[in-house]
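Here's the structure we're looking at; comments come further down.
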Amino acid sequence: MTKIKIFISLALVAILIPTSCNDDFLNTKPQDRISSDITWSDGALSQAFVFNVYSYLGYGGFEEQMLAAYTDEAMFTHAGRNINTLTEGSESPSNIAWTSATYEWGNMYLAIRQANIAIENLPDATFENEPLKEQLLGEAHFMRAYYYHQLLRFYGGVPLIDKAYGLDDDYSVARNSFEDCVNFIIADLDNAADLLEGKNPERGRANRLAALALKSRVLLYAASDLHDISTASANSTVIADFANKELLGYSSGSQTSRWEAAKTAAKAVLDAGTGYKLNLSAPVTSDEGRSNYVALSMGGGSAAADASANVELLFERTHTPLYTVENNWPLGGIHFGINNGPNGYHNWAGNTPVQQLVDDYEMMDGSKFDWNNPAHSADPYSNRDPRFYASILYDGATWKPRPSDVAQLDPVNQIQTGYYDNGSGGIINGVDTRQSAVENWNGSRTHYYVRKFIDPDPAVVENQSGYQVVPWPFLRYTEAVLNYAEACIELGEEDEARTWLNKIRFRSGMPAIAESGVALRDRYRNERRIELAYEEHRYHDARRWMIAAATLGRPIGEIHIEATLKAGQSPRVPYRHDKTVYDYTYVPQVNTDNESRTWVDKMYYRPISRNEVSRNDKLIQNPGY
Amino acid sequence: MKINPKPNSKSLLFIMKVTLLNVLIISLTFVFAHAVHTNGQGVLDRKVSLKVENVKVKELLNELEGKAKVNFTYRPELLKNLKRISLDAVAAPLGDILAQLFYENISYEVIGKQIVLKSTNDEKIKEVFTPIDFAIQVSGKVVDEAGLPLPGVNVIEKGTTNGVATDADGKFSLTVNEEAVLVFSFIGFVTQEVPVNNRTVLDVRLQSDVTSLQEVIVVGYGEQKKVTVTGSVVAVSGTELQKSPVIDLSNSLAGRLPGVTAIQASGEPGYDASTIRIRGINTLGNSNALIVIDGIPDRDGGFGRLAPQDIESMSVLKDASAAIYGARAANGVILITTKRGKSGTPKISYDYNQGWAQPTRIPDMSNASEYAAIMNEFPVYTLPANEWAAAWEGIQADGTYTASNGQTINAIFSPEDVQKYKDHSNPWTHPDEDWFNTAFKNWSPQSRHNLQLSGGTEQVKYLASLGYLFQDAYYKNSATYYKQYNFRINLDAKVNKYINTSLGIMAREEVRNFPTVGAGAIFRMLMRGRPTEPEVWPNGLPGPDIENGENPIVITTNQTGYHRNPTDYLQTNGKLEITNPWIDGLKLTMLGAIDKTINRTKRWETPWYLYTWDKASYEPDGVTPTLQRSLRSTFSDPRLTQSESNVLNTNLTAMLSYDRTFANEHTINIMAGITREEFEGEYFQAYRRNFISPAIDQLFAGGSLQMNTDGSGYKRARLGNYGRVAYNFKETYLAEFIWRYDGSYIFPESGRFGFFPGILLGYNISNESFFRNNVTFIDFLKIRASYGQMGNDQVFFRGGLQEYAFLSAYGFGQYPIGGQVATTLRETRVANPDFTWETANNMNVGIDATGLGGKIDLSFDYFYNKRTDILIQKTGSTPSSSGISSLLPPVNAGKVDNKGFEFKVGYNTEISGLKISAGVNGGYAQNKVIFMDEIPGAPEYQREEGKPYGAYLAYQSDGAFLSQEEIASNTIDYSAVTSNLRPGDMKFKDLNDDGVIDADDQLRMDKTITPNFTYGITMNLQYRNFDLSVLFQGASGGLLRFGTESGDIGNYLKYSYDHRWTIDNPSSTYPRLATRGDTYYTGGNYGNNTFNLFNTNYLRLKNVELGYNLPSTLTEKVSIGALRVYVNALNLVTWDKFKIWDPESVSGSGQYYPQARVINTGVRLTF
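Heads up: the protein sequence lines correspond to chains B and A, in order.
Our numbering numbers the first residue of the first sequence as 1 and each following residue consecutively.
Our numbering numbers the first residue of the second sequence as 10001 and each following residue consecutively.
Next comes the structure, spelled out in structure tokens:
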């Protein structure tokens, strides 16, 4: 019997071994996460949370498909990215065109939620550092305003959500009026400006000036024709027929008072900051103008440009030179040069300038460029606004050293987007064309490449581990200047407007303008277009001015360049641009084959996806969809 | 089995031949001699109490066998002349008794619990006995199918009690009547009757009895006789799996097990495993089966890299029989049992396989002139359609055409170029490159060596094996290859009558080697490579890249650095079994396992160079092109990444079982167990770049800027209580109840534990006399049914395991702030404090039958699985404006039904010495989504609910617009699709008849990428020493979304060239080609159309093996136990409709490493 007992006790021991420390061992702890409670009791952790609120800014505007490609700034080269879906007017709630995560509906609400969590928790946060708490709260308010302003300018009035939803809440919610949204954003920005007063955080974070500048933008938009319902209805039947106009703009109040508000807000920025070289009373030289504009584009992020231009950026997306493994979002270096540079540099020609943008750069003397002017058409790239040379790569433009495998074809580093007589009846296809021997599927269709935002430093070799650290300018001082000028023009304060516009022009080496009335407004609009090209303004400006049909809706213009040997000359081998050897002809053409652009009335707003409307029965779809 | 000598028979002496082989074996066993001796001593020390009077020695030995639990083996004639004897022993050692009995002439030797009696004086006995006239002595050797000797086989003269058992070498000798018929019988083998016909030497090969109902099948936490199995369990032996010359074992399963689907998506060495699915897809989440190796679930590394020679058997639990594995069993369980030693003289077997692999299929690409022709068409299509014909003529004739609007279009390739591409007159300027063939060699070697040593005594058994494996890739000068070293020791020791222990140790190193550029990029470039450009220049130097420096001829080699990824596994498990001495059938088993995995990566990237030519520069000789060597990697500084992950998994198990049959009628089996599992892992990574030279590939030599380190860790735990109660009455009425009470760390504490029951019933009708007496052609018929509830604790969303979803916690991220890398904290998920495992309700009914005297066997299963509480994210109903649609936690909400059937039919027969066994098996599984929180608002015919999970949503292609006239007469509005319809554009069906083609015209189809029916056809033939086995395998019901990266960016398939709308040959079936997806039907939303969905049904000759076993007369001469030579093959021939690349592929672009066809030769040598 004792043996049986021994056996039984052994059996019990055996059963107990696996259970000896009961089932507590199942309460494993995550090794890669930190509890929300701890987070809000620690300043550094709370700050890390707020840093994440910024992360929904993504790469800023440095995405492969840029907003510029939805406008008369650029054409996107590669097929199949749903760009045409928008530009050809066939976007619908069930066929959504390319939408960047930096303004996409769901991603914005995710970002707003993160800001809401910070705004909910920071006031009760238990760490003891009031200035930090204030600053973080201010940043959270700013970021919430920024994300709502993204939604507002693409979709109109949207549901205003100022809390962090829990699981199984009732998520159905109606859209707020346009006016409510503006007021909500302005309140957040006022809050942010107060909280950030005296705080001077590092670049890439919000500060008081950024809050003021964003406020200026939002109030400028609010004052614009698109959001003045009577004006908008007169210009758009889709808006006129829409039952819920309050979602799109103001039906009451005076547009003038809104312009006043916009002006005041802009002036607040001008008073609080300085901008870059905006104190000039006469134009600088063309060369100086060019390097000033390059410096502005580089925002201090290039060794080949004036780093002090960085003062211009009021809110930016910084980039780290200490990125780790390339391509690793979000730290990987910016691929802007690869995405957009010429194929003859092994780059991808993504968002190439269209002819209409090229044509809108004035002549050096401030006159318009005109194809009907034989001197202009024979030599279209001479004597233009210095900003042209800092923004656009064109046939014959000098650029960075070619990669060694292309150097054989172009030892002098000139952009080749033309077709050149080889002297024996054949044609040399420019190395940056779509008929090039180098990655021709990445050639520009417009025969231009963007240069603005590509670091000209030869040490930064695109597509060869040299990534640039050029910051993306979300808000810059010059925008506020332009906002101010616009408000002034709309309010009839033309002198004030001209004064400020000319400061911008002098910096670029352009002469003063003297127009008034409608002509002044047109000059202003062109100035804004040129100065802010590729900065995600044109899409919104053309819509809010309600000139989209005549601008964004135009078919894509491109250039066809041929070089024929002058009599008695023998060709340059290898080919190089040489006006003494070749006669160049420039023929503007229209591309409707790859993209057949049009403007449809409904395009003033993007549609809300059918799925979202189905999930939220209180949601009203935008007009025309 | 008692063997009584025939009283009057006389026999010759048994003479043991001492051969070279014996010497070898003896020297090899020397190492184990100590153990033999000790245990031999143990047997002889056994105390025996016995009292007999005047009995024959033989009868006394019988008594002793019972008392001392030993077996005596001897020639009957040995005892013939011994006197009757009396004995009175009280607790006397067996050795003493034997010493008294056999003090002269007879010696004894202990082997395990066998005691072999031998004559000490052969000569003397020979003189005494002479054969009588009517008897002859027959001797011979009994071997199994593999030619290995079988000890202990009963050899009986039919109709008499005269018989003998084979000795340790499988040899026997017996004096029998000249007319006698010998019956050879042994458990697990088919009994054979052989007429003597005056022969004196009879060698016999016994067939293992695969259909034997005595066969034992491994089930969850135990074994069951096949006759009493009530679940839907299929098994395959290691021997069977060995017939496929695969590197990853998962690739040998296809077609062998009904209801088990194996899909091999890639053939890349190191990553060529098949995805295994049991009864298809049952859930919206993770569908992986639980793998249990030697009783330990979830072992790191799975079973794919086990040596097939080490595998005893593989069982698959498809229904409620898996319930004993509880919260992880919902997708079925695969049980792997490794081989263990058998008592007997040591056996050494050595396997050597040398194989050669090549892709089953390389896509047929367009050649240079075909590509040029396609590219030349595109400029024409930019013109108004009414000018196409004229323009095409112009392009072909002069390479240019001026349209009526003044626009000039030029040929991409001039007529002269096209001609040169065609006539291959100048390979420098006009190559006709075949990118695949240039990059690949014809055959890539693979080889496997395996040495196995096994044997032992009743007390200690051992099996040790050592293996080496090498697998090359298809590339010339390949940097990709796989190497494996594996080692295993399985030991079993019987400490005493009540205590058994066993130990298993497995060590394995898997070394994966790759170039620094992944297979995806390599195959992308092979698919894209334009035939008009050289991969290699005629002088042998590498040509230019397609993009990013990625020329396959270079990036497949070590010219770009290397990527080494060795993984070391050390897996040990120990078992202690204690049998209770007082209660018969009660047993305690304790089991423990410690598994360690270390995975290291070293990735050394160095810049590389390619050669370009501007087609204009020549060397001074004027004819040799000047090639420019340029840096073409996308970086110029060497960089190094090193990482290491460390995993430690432990498992502690205790089980108590009671197993007994009462009154030969009632058999009960009760088992209860408990298992505690912990899994811990840590990962660490370091990266440095800016090495000043590629000369030193060590971290210290990297630059100080742009370093990066990373690391992570996890801790996981599970606890399970489980058990089984099985009862059967005379093996006729069978009932079984199994359960598990399981807890997983992955669930919140409140819902952590769950109870998972399974009930299984069986009825062996054929045991009933009414059946036996009336249905004579059926030998065996069983009906069975099961129902069980199981769980799935594997919560995966978008490929990530969702751990701690019940906690409100923030994860870490990074974002640049102020030009610096800042750490961020982000909400990873909204916490759900209340969720639990998904529940599988699995129902199965089946029958098993054999008939016609065992010639036919079949089984059929029908199953109905209802999976509920599937852990899903409620993304369908949650608006994005909630801000949480990407943060949704798992909730128990999804529902999926899965129904299907499996069958297996086998037939064996023998026709004049030709043994034939053939079989067909198949499995059909079709799931249906019942609830998945679908986005509301879609038309009924687009809903996912009601269709199989993953069913395609596609526009219904309706041919192509043949001509401009057809477009003119078209009444359907395509404005939401394109603003410009052109001839050759694809037509869509207006599904909802609203006159407009838009998103509402997509149809949810009822097919997915996964086949719903898989099947196998097997045939095994054996004639004399030859055997042939053939396996056909097929799958049907899957669709593949197809679309290559073609156009100016890359080459076209020959298929595309052959099936396209052209100006000369307009088609109403095939649309115009696109360059890089620039037509609405190739890219964007409308690219999702049925034209691009291909049927992937296939049937393939999966596996063939032809083998020859050298006759033992021959092998004995050279002192070899057995020698088998064979050739086998994998994926030899494939029949399908797809025909473009391998139909098993899941790649739509062809940018993947293709599956292999393998031809292999092998030899198996046994001593």
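Glycine included, every Cβ here is placed at the ideal spot set by N, Cα and C.
Please read all numbers here as calculations on a predicted model, not as lab measurements.
Identity of the residues DSSP links to residue i by a beta bridge
i        : result
A:K10782 : A:N10764, A:D10848
A:Y10907 : A:I10856, A:A10918
B:T626   : Within the shown structure, residues of chain B are numbered from 1 to 625, placing residue 626 of chain B beyond reach of any answer.
B:K452   : Bridge partners of B:K452: none, in fact.
A:E10677 : A:N10651, A:R10718
A:G10455 : A:Y10462
CA nearest to the CA of residue i, picked from the options
i        : options                                : result
A:P10149 : A:V10380, A:G10455, A:V10292, A:I10817 : A:G10455
A:T11159 : A:L11114, A:D10637, A:K11102, A:D10432 : In the sequence on display, residue 11159 of chain A carries Ile and not Thr. With distances taken between Cα atoms, A:I11159 lies closest to A:K11102.
B:G443   : B:R528, B:N351, B:R498                 : B:N351
A:E11105 : A:N10251, A:G11047, A:L11021           : A:L11021
B:I415   : B:F178, B:D578, B:D24                  : B:D578
A:E10768 : A:G10529, A:I10778, A:L10761           : A:I10778
B:N27    : A:E10803, A:I10930, A:Q10419           : A:E10803
B:N261   : B:R217, B:D271, B:S236                 : The amino acid occupying residue 261 of chain B in the given sequence is Ala; Asn does not appear at that position. With distances taken between Cα atoms, B:A261 lies closest to B:R217.
B:E536   : B:T126, B:A549, B:A69, B:D495          : B:A69
A:G10170 : A:V10905, A:K10347, A:G10066           : A:K10347
Three-state secondary structure (DSSP) of residue i
i        : result
A:E10736 : strand
A:P10005 : Legend: pLDDT at A:P10005 = 38, less than 50; position of this residue unreliable, value from coordinates given subsequently. Correct three-state label for A:P10005: coil.
A:V11158 : strand
A:W11135 : strand
A:A10893 : strand
A:F10129 : Its pLDDT being 39, under 50, A:F10129 is placed unreliably by the model, and the measurement read from it follows with that caveat. Coil, per DSSP.
B:K579   : coil
B:S257   : helix
A:K10899 : strand
A:H10666 : strand
A:S11147 : coil
B:L219   : helix
What residues in the region 10802–10827 of chain A bring their beta carbon closer than 9 Å to a beta carbon of chain B? E10803, Y10804, L10807, S10808, A10809, Y10810, G10811, F10812, G10813, Q10814, Y10815, P10816, I10817, G10818, G10819, Q10820, V10821, A10822, T10823, T10824, L10825, R10826, E10827
Check each residue of the region 75–89 of chain B: if its Cβ is closer than 9 Å to any Cβ of chain A, include it; give the result in chain order. H78, A79, G80, R81, N82, N84, T85, E88, G89
Could you list the residues in the region 192–223 of chain B with a C-beta less than 7 Å from some C-beta on chain A, going in chain order? E202, R203, G204, R205
Against chain B, which members of the region 10618–10652 of chain A pass a CB distance test of less than 7 Å? Q10628, S10630, L10631, R10632, T10634, F10635, S10636, D10637, L10652
So, does the region 11007–11019 of chain A touch the region 10251–10271 of chain A, judging by three or more C-beta pairs under 8 Å? yes
Report yes or no: do the region 10927–10938 of chain A and the region 10271–10287 of chain A share at least 3 C-beta pairs separated by less than 8 Å? yes
Using a Cβ-Cβ cut-off of less than 7 Å, give me the residues of the region 10872–10905 of chain A that come near chain B, in sequence order. S10877, T10878, P10879, S10880, S10881, S10882, G10883, I10884, S10885, S10886, P10889
Scan the region 470–482 of chain B for residues whose Cβ lies nearer than 9 Å to a Cβ of chain A and list them as they occur along the chain. P471
Using a Cβ-Cβ cut-off of less than 9 Å, list which residues of the region 10581–10605 of chain A approach chain B; keep chain order. P10581, W10582, I10583, L10586, L10588, T10589, M10590, G10592
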